[in-house]
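So the sequences go chain by chain: A and B. Numbering of the first sequence is given in this note's numbering, commencing with residue 1 and proceeding in unit increments. Numbering of the second sequence is given in this note's numbering, commencing with residue 179 and proceeding in unit increments. Note that the Cβ used here is the ideal one computed from N, Cα and C, for glycine as well. Model, not experiment: these values are computed from the prediction. Reading through the structure tokens given below for one structure.
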Amino acid sequence: MKKIFYFLPLVILAILAIYLIMGLGRNPQDLPSVLINKPIPAFELAPIKGQTKGLSNLDLLGQVTLVNIFGSWCEACRLEHDLLMKISKNNLVPIYGIDWQEPNNLVGPRWLKRLGNPYTLVGDDPKSRGAIAFGVTKAPESFVIDKNGVIRFKHTGRITENTWNNTVWPIIMDLKKQ
Amino acid sequence: MIVETGHFALVMALCVAAVQSTLPMIGAHKKHSSWMALASNAALLQLLLLIISFAALTYAFVTSDFSVTLVLNNSHTLKPLLYKVSGVWGNHEGSMLMWVLILAIYGGAVAIWGNNLRPTLKARVLGVQGILGFGFLLFILFTSNPFNRIFPAPIDGQDLNPLLQDPGLAFHPPLLYLGYVGFSTTFSFAIAALLEGRIDPAWARWVRPWTLAAWGFLTGGIALGSWWAYYELGWGGWWFWDPVENASFMPWLAGTALLHSAIVLEKRDNLKSWTIFLAIIAFALSMLGTFLVRSGVITSVHAFASDPTRGVFILALLVITVGSAFALFAWRGPALKSTGIFQPISREGGLLINNFLLSVATASVLLGTLYPLFIDVLDLGKVSVGAPYFNSVFVPLMSPMILIMGLGPFLNWKRGDAILALKQLQIAAIIALTGAVITWFLIDRATVLAAFGIGLSIWLFCATLSELAGRIQLFRAPIIEVLRKLRRQPRSSWGMTLAHGGLALVIAGMTASSAWRVESIQSMMPGDTALVSGFEFTLKSVQNIEGPNYTASRANFDVTNRASFKISLEPEKRIYVVSRQPTTEAGIYSTFLGDLYAVIGDPDGKGGYITRLYFNPLVTWMWFGTFIMVLGAGISLSDRRHRVGAPARRKLPRGATAET
């Protein structure tokens, strides 16, 4: 009877190993969104200071778009910004911005003025209405939306050149062809 | 050419490891003494080859040889020399090379200092070390070769991750690995003993110094990592229950348990299979840590670039080594008979509870670390387990342990007298209670938990001092006698006193810095003043400066307490030229009572800057406390009794002259 206890470590190791093997193929940063393949929920955001038009779900219909949640307080967004500028300069895909949780209504516009504005439209989101609609956990976060306003892809964290070239851009090209 | 020599030495080391892992084992089984003797030579040769290999890689980094892919990806000509050297292990491949080098250092150490071991045991220990070395060398050569070349060689490199360009982090990995890999020795001893079927107090005495060394290094390594996080990440915190931190903490907990259960085995011939189990587990957790950091199964700020093939390889190594160890344990373990018997209330009883609590703590950290992975694999969603879980599990487990830590040393072996022990601890208990009550009533913002933590810390400190006082008969014997006893204390008991006392300081620091930290975030223009915990922080100026491989804005704060105290702090926000990555360098002024801590953030666009200012009470106590703990391990390690068989040093009689 006592001998069984001596086998316990072996059994636990085996179970642990199975989980670890199954965990290997997964990327813990790929948080799947419950919203994937669902239409974007309705939302309407006011414009940021200095602009006349805000952002609503209706603006995202009719063409493939990239929605990017950012904030001037967010280091990773700043790093991501150069890539977004490049995308908008080359007219690869229209980018719509949600300026999330700024401490006041001046810093966001100033940030865009300083670094350049890659966004077709920007919605001001101090109360997280847009962020909640998209189920955002942290900035930056980006969504690919198809012509019908359905969320097709989500990326958490900064889009690097690498993820853009290998993941995001191929998805957008595919959707554009449909 | 030098790089190729390094590569060649690595391949040779693999061949030597193949010999080391087979011939001595067969020799020990068949009692061929010449085959067994081969083990030491093989271990030393392997050490030599890996030193050559490591030196070659270091040379490539120092001379900025960008034809080596690893140097290209992790170095830059502008980088200061210290970080060119630390760049060697600031990446996956190089750190694995360091891993096997340290493994070989321990193997070499056993070969040199293990002359008092039974020849069969020594051969088997080195044989198991050889097997481990063989597995990891295979891993390096097949999946992570640090000597891969690139052609044509680019002009300049891509620089080391700026967060790692820091003196604290330059030395953190070597210390940590000396700890992690140190447990390979205790693992090898455990396997060798299981193979021999002989585990006795002598075995425990042989294992103890290796456990102590590994534990001391690991303690130092963890503290250094925590210190780095404190001043480099700029969040004012020092422990985040990040998976990688947990990966280093689990072997520490298991190693601490091992250190104590080995004492019971050594002194009382008891807890045999348990000690063996802990010796296996401590190293298994070290390997698990290596796996978690490098396989990408878990997210962490510190993780290396992840690669599933490497993950598969390390996991296979882990499952094979630990699996065979556990199988051997299941086969041979039940035959291990303990002879000592003891009452529940006794020194053994106290150490057993300590072991139980430490093991539960280890298991709960393991569970918390892997829980997100379990849930993910079962497709139940994505979760993260953070500080609230760990704190709520850890505090209730550690509190009774600290209470017993004070009491345990007062209990006798076999059968202790709790009443008598508590009588000896009266003063400590009264001081601790008073301390807790004073904290609760007199200090602002004291929570129950904070008062309790301070009370625990005082209890442990006073109990440890009382124990020392009892041993040297302070206040009960004439002062000459006391001093004589003080000098005659064995170094291992000094080790205990220092380790326990150091922990008391660490607890005080942790409690105070969690409970009474003051944080203030604001936008400041030059000339503005912010008040933090009674200190006035005035932002004098922000200048742009140029470092060797970065540019930075450096802020200058004057801090005063509106009386005589006046210092200045210079936090920086650096942008590294090559990677464009920003880092913060906190400005810190440490005092006995707490740290003044300032971080400069981004400009707010109106000519001001976001600043974060902190008062972190008693933080220094944590670093000082860990230093004392490591010192305790070092002193205990220098105890001559570890060198069994070495003749006791006798003082020459007065007047006699030593013959030379």
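Strand pairing of residue i, partner residues [DSSP]
i: THR707/B; result: THR716/B
i: ARG790/B; result: ILE699/B, VAL777/B
i: ILE519/B; result: Answer by DSSP bridge pairing: none, since ILE519/B is not bridged.
i: VAL246/B; result: ARG327/B
i: ASP125/A; result: TRP100/A
i: VAL144/A; result: LEU66/A, PHE153/A
i: SER768/B; result: ASP773/B
i: VAL737/B; result: PHE715/B, ILE745/B
i: LYS751/B; result: SER731/B, THR762/B
i: PRO795/B; result: GLY772/B
Straight-line Cα distance separating residue j from residue i
i: GLY527/B; j: PHE520/B; result: 7 Å
i: ALA154/B; j: ILE229/B; result: For chain B, the structure presents residues 179 to 838; residue 154/B sits outside this window and is missing.
i: THR156/A; j: ARG790/B; result: 27 Å
i: SER816/B; j: ARG386/B; result: 12 Å
i: LEU31/A; j: SER692/B; result: For LEU31/A, the predicted model reports a pLDDT of 49, less than 50, meaning its position is unreliable; a value from the coordinates is still stated below. Rounded to the nearest angstrom, the two C-alpha atoms are 31 Å apart.
i: PRO379/B; j: ARG296/B; result: 13 Å
i: LYS89/A; j: SER231/B; result: 49 Å
i: TYR6/A; j: ILE309/B; result: 24 Å
i: PHE534/B; j: LYS445/B; result: 19 Å
i: VAL64/A; j: ILE151/A; result: 10 Å
i: ARG593/B; j: SER537/B; result: 24 Å
i: PRO103/A; j: TRP413/B; result: 19 Å
i: ASP554/B; j: GLY23/A; result: 8 Å
i: VAL755/B; j: GLY501/B; result: 47 Å
i: ALA407/B; j: MET465/B; result: 23 Å
Pair within 8 Å by beta-carbon distance, residue i and residue j
i: PHE134/A; j: ILE69/A; result: yes
i: LEU796/B; j: GLY687/B; result: yes
i: GLN651/B; j: VAL660/B; result: yes
i: PRO517/B; j: ASP447/B; result: The sequence shown places Thr at residue 517/B, not Pro. Contact flag set, yes.
i: ASN734/B; j: SER746/B; result: yes
i: ILE441/B; j: LEU529/B; result: yes
i: MET800/B; j: VAL684/B; result: yes
i: GLY375/B; j: ALA505/B; result: no
i: TRP393/B; j: GLY433/B; result: yes
i: PHE325/B; j: VAL246/B; result: yes
i: ASP780/B; j: THR798/B; result: no
i: ALA370/B; j: VAL303/B; result: yes
i: LEU223/B; j: PHE312/B; result: no
Neighbouring residues, chain A, relative to residue i (Cβ below 7 Å)
i: VAL278/B; result: Simply none; closest approach about 22 Å.
i: GLY489/B; result: LEU24
i: SER473/B; result: LEU24
Neighbouring residues, chain B, relative to residue i (Cβ below 8 Å)
i: GLY71/A; result: What GLY71/A touches in chain B: nothing, since even the nearest Cβ is about 12 Å away.
i: VAL122/A; result: Within chain B, no residue comes near VAL122/A; the closest Cβ sits about 17 Å away, beyond 8 Å.
C-beta neighbour in chain A for residue i, strict 8 Å
i: LEU449/B; result: no
i: PRO512/B; result: yes
i: ASP554/B; result: yes
i: GLY433/B; result: no
i: VAL497/B; result: yes
i: GLY415/B; result: no
i: VAL543/B; result: no
i: GLY501/B; result: yes
Short CB-CB distance (under 8 Å) between residue i and chain B
i: PRO9/A; result: yes
i: ALA17/A; result: yes
Chain-ordered chain B contacts of residue i [CB-CB under 9 Å]
i: LYS2/A; result: PRO512
Chain-ordered chain B contacts of residue i [CB-CB under 7 Å]
i: ILE21/A; result: LEU493
i: TYR6/A; result: PHE507, ALA508, GLY511, PRO512
Under 8 Å by beta carbon: chain A residues contacting residue i
i: PHE839/B; result: Outside the modelled stretch of chain B, which goes from 179 to 838, sits residue 839/B, for which no answer is possible.
i: ASP782/B; result: VAL107
i: PHE504/B; result: PRO9, LEU10, LEU13
Short CB-CB distance (under 8 Å) between residue i and chain C
i: ARG654/B; result: Note that chain C does not occur in the displayed structure, where the protein chains are A and B.
Residue i CB to nearest heavy atom of the ligand FMN below 7 Å
i: VAL263/B; result: This structure lacks the ligand FMN; in fact it carries no ligand of any kind.
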